[in-house]
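Structure first, commentary second.
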Amino acid sequence: MHRFFLFTSIPFLLVILFAWLTESLRQQPIELIPTLSGKSEYCLTCHSDLPEISASHPMEVFGCVLCHGGERLALDADLAHASMRGGKNPSDLAVVEQSCGGSDCHSGSSQAERDHIQRVMTSIQATYTGAITNILFTFGEQSDLLPRFGALTVQDTSLPSKTGIRSLEAFNPSQHINPIIQQFAQNCLTCHISAKAREGADFHRQTGCAACHSPASQSPYNTSLDDKPKHTLSNAIPYNQCNTCHNRGNYDLRLMEFVERADQPATRLENYYQPIAQFTLCEYTLDCIDCHTAVEVMGDGDIHATQKDIQYVQCRTCHGTLAELPLTKTLLDADDRAFRLALLNPMMDLAIGDTILITENGEPLWNTRVLPGGSYELYGKATGQRLVFRPVMGSGCKQNEWEQDSQSCHTCHALER
Amino acid sequence: MAVFLSLVLLVTGILELYYYIPTPTDAALSVQTITYLVPFGGLIRNLHFWSAQLLIIVSAVHLLRVVFTGAYAAPRRFNYLIGLGLFVVLILLNFTGYILRWDQGIQWALIVGVNLVKTIPAVGNFLYRLITGADTPGAATLLRFYAWHIFGLMLPAGILIIWHVFQLRRDGGIAMPAPGMHSDTSRITRFELVRRETVAVLLLSTLLLLLAILVPAPIAPAIENITTIPGDSLAPWFFLWVQQMLKWGDPLLWGVFVPLIMLTILIIIPYGLPIPKNAELGRWLPKSNRLAQIILVVMASLVILLTLLGTRSN
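Chains G and F, in that order, give the protein sequences.
14 is the number that numbering that gives the first Met the number 0 gives to position 15 of the first sequence; each next residue is one higher, with no gaps.
275 is the number that numbering that gives the first Met the number 0 gives to position 276 of the second sequence; each next residue is one higher, with no gaps.
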């Protein structure tokens, strides 16, 4: 019996030692109490090496849980991540309101043009309604080109609506027996930002805000995209991030398939656009966001029928016409939206008293400035490169006065490929 | 063993009380605090969890032993009832403790459990209100489960354990044939008894600690919306057999009546079924109470089978 007693106490003591060792070898928790929530979270215990997502979202202020959700006190990876919003991407449109919304954040007032979530949800990027409507019309599923369906159900709650389109129903392919519509639904709905992108590094982007604002590569000259999602939010979006959706191929309407481009672009010009058109120097030197504004890309709060209805910036927006100089605005108010935008992407030192270019809708082109000699400067939003350009007025341009669209400019200024 | 497990539960439970916060917003977070942040908190919680599960198993095995050795016969009939009552209280203690996690893992069992009570005719709504403390499960429900767990059930459990042991002595120790009817009259010494119990406790402690270190107690994300029923949830393992029966239809029949009928059968065993002969007391599988043994085997097999089915189908 004594021996049995000994044989049972030794394992017991060993297990006690094991328990003590397990406890003492445990990773020390790293606590963070973000000022916005004031609640402890321990995500940094494992994620201390993660870079800060952006200068506007300092870790000490936002922490992790406010945007990502998750179990803030759990030190077990499975449990800690179990209730995260949108998996690795809290900006997915299904959860964006909880993650990024709120009146103090990105669903703020439309007057201050801070209702970004509402604008994006109703934008063409999210609804994809132009393509859906055109396909339904072309294949006889609806008798007119009035937009009725979008990739998701949306309502325009802001009044007045310039377009008069108050709502879209979610496109449901099972309501159509036409096999071509089924084929369209299967192959062609990967472009809108609530959908997962096509397979392949060239198409790699996330959904929701991160589709654009978490660029896979920060360098516009790095043509190979890293397919790992990056912990970054940026307003300096290089052209190749836009290219993850745009210019990646064509839709074959006969087979209703997406045909990926097969060429191997060697230069920036070739990479920028696929070889089907002519382009001017601006188009293959600048990044897309240097000309196209936030309203064009993210919408204006109204539901538009097609991309063409919201994309309005033309060559003349910056260069003017033979008869008119481009529109300008002198910044006199420190609260001007141009300063807010410039602060988010500080590529140039904008100051009170500067005169900048604006679009016909009054949007500030905050990365431009009128120079004393009558020319203009522009700073690349993603590259920071400075370019100086002149207005058309006073130049030797022989264009007809009534032909002032970009395509007319292309007649002379495009590079032949 | 059961007494030792109860003591472990008491000590670890008291330690958990210092950190546990019985409010819907903080309960799951405080459980996470105990599990991950308090020094040795995870170990204490795991010990509490595993002691509770082992206690149910040990009690069930004890019940089987009592029936298979005919130990419930008079004069131990009343103590058998105390033991049965204690078993029910232990299951309720386990269930209330499980609910105190107040995370997504318990949501199904809570919602289904309280709705089950509602189906009982006449008193269903009253009982539902009594348990939940409100129209829907919420802060009042959690507080009630907390009160039941650390007071309303703990106190009876403590009293019943003491009573059960005291009654055992009054009834003349564990069951054995009357004097002169058993061949081996030797008894083990007091020291030998202590030695054997110490060895048993050491072995059990080793097992408990190993389980607590290697197999963590279940934990899940905090509840976002209490009224939604998550689709893929399981009841606690000791109610899996009820969950499996609920799939067959009428919740009142399968969820309330059948378990109550089974409890009634257990109560009837020493009173309504043939009891073991004196000479066979304390002997394994006496012939004289075969019917009780068969009924218990059938019930136990059904519960085990349904539990296994319940685990597999989810």
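For each residue, glycine too, the CB sits at the ideal point set by N, CA and C.
{"Asked": "Close Cβ partners of G/F338 (< 8 Å) along its chain, the five nearest in sequence each way excluded", "Found": "L330, L349, W365"}
{"Asked": "Three-way DSSP call (helix, strand, coil) for F/A156 in this model", "Found": "helix"}
{"Asked": "Neighbour list for G/V95 in chain F, Cβ cutoff strictly below 7 Å", "Found": "Residues of chain F passing the Cβ test: none, with the nearest at roughly 17 Å."}
{"Asked": "For F/T135, the three-state DSSP class (helix, strand or coil)", "Found": "coil"}
{"Asked": "Collapsed DSSP secondary structure at G/T162 in the structure displayed", "Found": "coil"}
{"Asked": "Beta-carbon proximity check, F/T68 vs F/L202, cutoff 9 Å", "Found": "no"}
{"Asked": "As assigned by DSSP and simplified to three states, the class of G/N360", "Found": "coil"}
{"Asked": "Contact set between G/I15 and chain F, taken where Cβ atoms lie within less than 8 Å", "Found": "L208"}
{"Asked": "Selection of the region 110 to 133 of chain G by Cβ proximity to chain F, strictly under 7 Å", "Found": "none"}
{"Asked": "Contact set between F/I347 and chain G, taken where Cβ atoms lie within less than 9 Å", "Found": "Outside the modelled stretch of chain F, which goes from 0 to 313, sits residue 347 of chain F, for which no answer is possible."}
{"Asked": "Beta-carbon spacing of G/R71, F/L42 below 9 Å", "Found": "no"}
{"Asked": "Buried versus exposed, by CB contacts within 10 Å (16 or more), G/D289", "Found": "buried"}
{"Asked": "F/L91 to F/F238 span [Cα, whole Å]", "Found": "11 Å"}
{"Asked": "Residue burial classification, G/Q240 (beta-carbon count within 10 angstroms, cutoff 16)", "Found": "buried"}
{"Asked": "Proximal chain F residues relative to G/Q160, where beta-carbon distance stays under 9 Å", "Found": "Inspection of the sequence shows that residue 160 of chain G is occupied by Ser rather than by Gln. Here the premise fails: no neighbours, minimum Cβ distance about 33 Å."}
{"Asked": "Contact under 9 Å by Cβ, G/L144 with G/N133", "Found": "yes"}
{"Asked": "For G/T358 and G/N234, the rounded distance between their alpha carbons", "Found": "19 Å"}
{"Asked": "Any chain G beta carbon closer than 9 Å to F/S204", "Found": "yes"}
{"Asked": "CB contact check: G/L74 to chain F, cutoff 9 Å", "Found": "yes"}
{"Asked": "Span of the beta strand (DSSP E) around G/G248", "Found": "248 to 251"}
{"Asked": "Interface positions of the region 105 to 135 of chain F facing chain G (Cβ-Cβ less than 9 Å), listed along the chain", "Found": "none"}
{"Asked": "Within chain C, partners of F/A221 - CB distance below 9 Å", "Found": "Looking for chain C here will not work: the only protein chains present are G and F."}
{"Asked": "Per-residue contacts from G/F4 into chain F (C-beta, under 9 Å)", "Found": "R194, T197, V198, L201"}
{"Asked": "Cβ pair count under 8 Å reaching 3, the region 101 to 112 of chain F against the region 208 to 223 of chain F", "Found": "yes"}
{"Asked": "Segment contact, 8 Å Cβ cut-off, at least three pairs: the region 112 to 123 of chain G with the region 296 to 314 of chain G", "Found": "yes"}
{"Asked": "Min CB distance G/Y41 to chain F below 9 Å", "Found": "yes"}
{"Asked": "G/R260 beta carbon less than 9 Å from that of G/G248", "Found": "yes"}
{"Asked": "Inter-residue spacing [alpha-carbon to alpha-carbon] between F/N93 and F/A51", "Found": "6 Å"}
{"Asked": "9 Å Cβ cutoff, G/S8 in contact with chain F", "Found": "yes"}
{"Asked": "G/L151 vs G/T189 beta-carbon contact at 9 Å", "Found": "no"}
{"Asked": "Ordered list of beta strand (DSSP E) runs contained in the region 188 to 260 of chain F, each at least 3 residues", "Found": "none"}
{"Asked": "G/N234 beta carbon near the ligand MG (any heavy atom closer than 8 Å)", "Found": "As far as ligands go, the structure on display features none, and thus does not contain the ligand MG."}
{"Asked": "Interface residues of chain G facing F/F39 [CB-CB closer than 7 Å]", "Found": "E22"}
{"Asked": "DSSP state of G/M346 mapped onto helix, strand, coil", "Found": "coil"}
{"Asked": "Partners in chain F for G/L184, counting only beta-carbon separations shorter than 9 Å", "Found": "Note that residue 184 of chain G corresponds to Ala in the displayed sequence, not to Leu. Ordered by position in chain F, no residue passes the 9 Å Cβ test against G/A184, which lies about 26 Å from the chain."}
{"Asked": "C-beta atoms of F/A1 and F/I160 nearer than 9 Å", "Found": "yes"}
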